[in-house]
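Let me begin by presenting the structure, written as structure tokens, before commenting on it.
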Amino acid sequence: MGLSNSEKQRRYRQRHLGPGGGSERLSVFVRISTKRNLERLASHYGNTITNTVENLINEKTVSILNNLSESEQHEFYSEEPVHKRQNAK
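Numbering (my numbering), first residue to last: 21 to 109.
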């Protein structure tokens, strides 16, 4: 008997988690114009959309960290989400 659609989907997702489970699934809704710009950026740099998103996020993170003090960097990497820290102040 063949695999059910849900089992095929589960296996597909499992294969795409990356070696050793080093990736996580991300699902977002963006405006069409934003998606087209993302596709253009990926094509321009010869990257996949996944690599382009990762590069944009990592570049922005480095940019922000370079402008933070050591204590602000520690807070940035805190386990507590930013919106919870702001509400507590």
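Every residue, glycine too, gets a C-beta built ideally from N, C-alpha and C.
Quick caveat, the model's predicted, so the values are computed rather than measured.
For residue i, the first and last residue of its enclosing alpha helix (DSSP H)
i          : result
residue 23 : From DSSP, residue 23 is part of no alpha helix (DSSP H); its letter is neither H nor E.
residue 78 : 69 to 85
Three-state secondary structure (DSSP) of residue i
i           : result
residue 42  : coil
residue 65  : helix
residue 51  : coil
residue 90  : helix
residue 100 : coil
residue 58  : helix
Inter-residue spacing [alpha-carbon to alpha-carbon] between residue i and residue j
i          : j          : result
residue 22 : residue 30 : 14 angstroms
residue 95 : residue 25 : 44 angstroms
residue 98 : residue 78 : 17 angstroms
residue 82 : residue 58 : 20 angstroms
residue 49 : residue 56 : 13 angstroms
residue 45 : residue 89 : 32 angstroms
residue 33 : residue 40 : 13 angstroms
residue 61 : residue 85 : 24 angstroms
residue 75 : residue 63 : 14 angstroms
Option in the options with minimal Cα separation from residue i
i          : options        : result
residue 54 : 72, 85, 90, 28 : 72
residue 36 : 70, 91, 62, 87 : 70
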